[in-house]
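Protein chains in written order, with the working numbering: chain A, 124 to 351; chain P, 13 to 96.
Cβ coordinates follow ideal geometry from the N, Cα and C atoms, glycine included.
Just below is one structure, and these are the notes that go with it.
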Amino acid sequence: MTEPRPRVGVLVFPGSNDDHDAAWALTALGADPQLVWHAETELLRVEAVVLPGGFSYGDYLRAGAIARFAPAMDAVAEFAREGGPVLGICNGFQILCEAGLLPGILRPNASLSFVCRDVPLVVERDDTLFTARCQRGQELVIPVKHGDGCYQAPAELPAEQVVLRYASGENPNGSEGDIAAVINADGNVLGLMPHPEHAVDTLLGSGDGALILASLVDAARERSYVRA
Amino acid sequence: MRATVLVRPKGGILDPQGEAVERSLRQLGFPVGDARIGRVIDLEVDAATAEDAHAQVEKMCERLLANPLIESYEIEVGDEGGPA
Chain A
124 MTEPRPRVGV LVFPGSNDDH DAAWALTALG ADPQLVWHAE TELLRVEAVV
174 LPGGFSYGDY LRAGAIARFA PAMDAVAEFA REGGPVLGIC NGFQILCEAG
224 LLPGILRPNA SLSFVCRDVP LVVERDDTLF TARCQRGQEL VIPVKHGDGC
274 YQAPAELPAE QVVLRYASGE NPNGSEGDIA AVINADGNVL GLMPHPEHAV
324 DTLLGSGDGA LILASLVDAA RERSYVRA
Chain P
13 MRATVLVRPK GGILDPQGEA VERSLRQLGF PVGDARIGRV IDLEVDAATA
63 EDAHAQVEKM CERLLANPLI ESYEIEVGDE GGPA
């Protein structure tokens with residue numbers, strides 16, 4: 124019997140540009156992605172949500188600052204409050220920070236240069252919904268492509284909320300503590316600057332991003348079983 | 013009522029734009045230090061009094077115009093000032 128394909132919502136903002144890449148990757152990894160336009164007020168029967176990369180609203184004011192007020196973000200906040208898994212990639216990470224669903228904020232890269240390259244990462248936690256297929260200490264190679272990826276943590280950020288770090292000497296953006304991915308205290312909302320959806324097929328380079336997205340698909344499938 | 017919001021990076025927050033501009037100014041021979049770059053937002057606010065306008069703009073700053081983690085802001089209200 125084939126495993127059921129859990130429905131995963133992929134938000135689409137004006138200026139999102141990795142929405143279809145995320146949907147393609149989720150399909151390849153066994154999910155049934157549903158594109159959700161930012162003006163929608165409901166997420167219809169999804170088991171997980173992905174906020175994709177891009178430049179929503181042109182990154183005006185601060186990256187993610189305007190997208191957070193989209194009607195669909197109220198539904199995402201409600202979904203997260205109920206424990207639903209939410210993954211923010213790049214601009215999605217920036218939006219989750221501005222929305223207060225994740226601590227901290229992403230600032231312009233310390234170099235002031237846009238960075239676009241494969242980056243080695245170290246897995247700090249393998250006990251999250253998003254990294255269950257990884258192993259602590261494992262090195263993943265996943266590309267970054269961003270201008271505003273310098274993570275500024277709040278003073279009181281607990282170390283256990285850091286899920287991925289850039290490998291030593293490989294920090295592409297000046298991020299505090301080499302932080303590449305942060306999870307909320309409840310463990311169901313994760314943001315990361317690298318793009319796992321661009322690393323799911325070894326034909327195109329690394330396949331390590333599949334470990335992150337497949338972990339999310341596993342979590343979504345579990346929720347669909349609970350619901351059924 | 014005209015209102016102007018000055019948003020600044022808080023002290024201690026890395027400001028790579030400010031650093032780049034400071035380096036350029038030094039190269040031009042200006043002996044400057046600690047350059048910081050913020051932003052100015054001019055607004056027309058529908059308010060009867062300056063106090064009301066100030067209170068409205070304060071709410072705008074808290075919700076959207078500034079991120080309290082990294083930015084501080086100042087509000088100026090008055091019929092004078094702002095772009096002509």
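The alpha-carbon separation between residue 37 of chain P and residue 283 of chain A amounts to approximately 42 Å. Residue state for residue 56 of chain P is assigned as strand, using DSSP reduced to three classes. Within the model, the alpha-carbon separation for residue 181 of chain A versus residue 257 of chain A is close to 34 Å. With its beta carbon at least 9 Å from every one in chain A, residue 55 of chain P lies outside the interface. Cβ-Cβ separation between residue 176 of chain A and residue 212 of chain A: approximately 5 Å, consistent with a contact (criterion under 8 Å). Only residues of its own chain outside the window of five on either side were considered, and among them 129, 131, 154, 170, 171 and 208 have a CB closer than 7 Å to the CB of residue 343 of chain A, listed in chain order. Closest by C-alpha distance to residue 254 of chain A, out of A:334, A:126, A:327 and A:239, is A:334. For residue 223 of chain A and residue 200 of chain A, the gap between their C-alpha atoms comes out near 9 Å. The residues 273 and 275, in chain order, have a CB closer than 6 Å to that of residue 230 of chain A in the same chain once the five nearest residues on each side in sequence are set aside. Out of A:138, A:315, A:277 and A:345, the CA that lies nearest to the CA of residue 80 of chain P is found in A:277. The contact set of residue 297 of chain A on chain P, defined by CB atoms closer than 9 Å, consists of 26 and 28 in chain order. Taking C-beta atoms as the reference points, residue 305 of chain A and residue 187 of chain A fail to come closer than 9 Å. Counting along the chain, the unbroken alpha helix (DSSP H) around residue 64 of chain P starts and ends at 62-72.
Three or more beta-carbon pairs separated by less than 8 Å are not found between the region 32-48 of chain P and the region 66-78 of chain P, which leaves the two stretches without contact.
Between the C-alpha atoms of residue 339 of chain A and residue 345 of chain A there is a straight-line separation of about 10 Å. A distance below 7 Å between beta-carbons, with the five flanking residues on each side excluded, links residue 168 of chain A to the following residues of its chain, in chain order: 130. Residues of the region 76-88 of chain P with a C-beta atom less than 8 Å from some C-beta of chain A are 76, 77, 79, 81 and 82, listed in chain order.
In the assembly as shown, residue 204 of chain A is an exposed residue. Its beta-carbon has fewer than 16 other beta-carbons within 10 Å. The DSSP-derived three-state label of residue 142 of chain A is helix.
Between the region 292-299 of chain A and the region 45-53 of chain P, the count of Cβ pairs shorter than 8 Å is below three; the stretches do not touch. From the beta-carbon of residue 231 of chain A, the residues of chain P found nearer than 8 Å are 28 and 29. Interface annotation for the region 215-239 of chain A against chain P: 221, 227, 228, 230, 231, 232, 233, 234 and 235, criterion Cβ-Cβ distance under 8 Å.
The C-beta separation of residue 194 of chain A from residue 163 of chain A comes to about 7 Å, placing the pair in contact by the 8 Å criterion.
If you ignore the 5 residues before and after residue 321 of chain A, its C-beta comes within less than 6 Å of the C-beta of 266, all in its own chain and listed in chain order.
Residue nearest to residue 72 of chain P within the set P:27, P:24 and P:54 is P:54 (criterion: CA-CA distance). The Cβ-Cβ distance between residue 315 of chain A and residue 286 of chain A falls below 9 Å.
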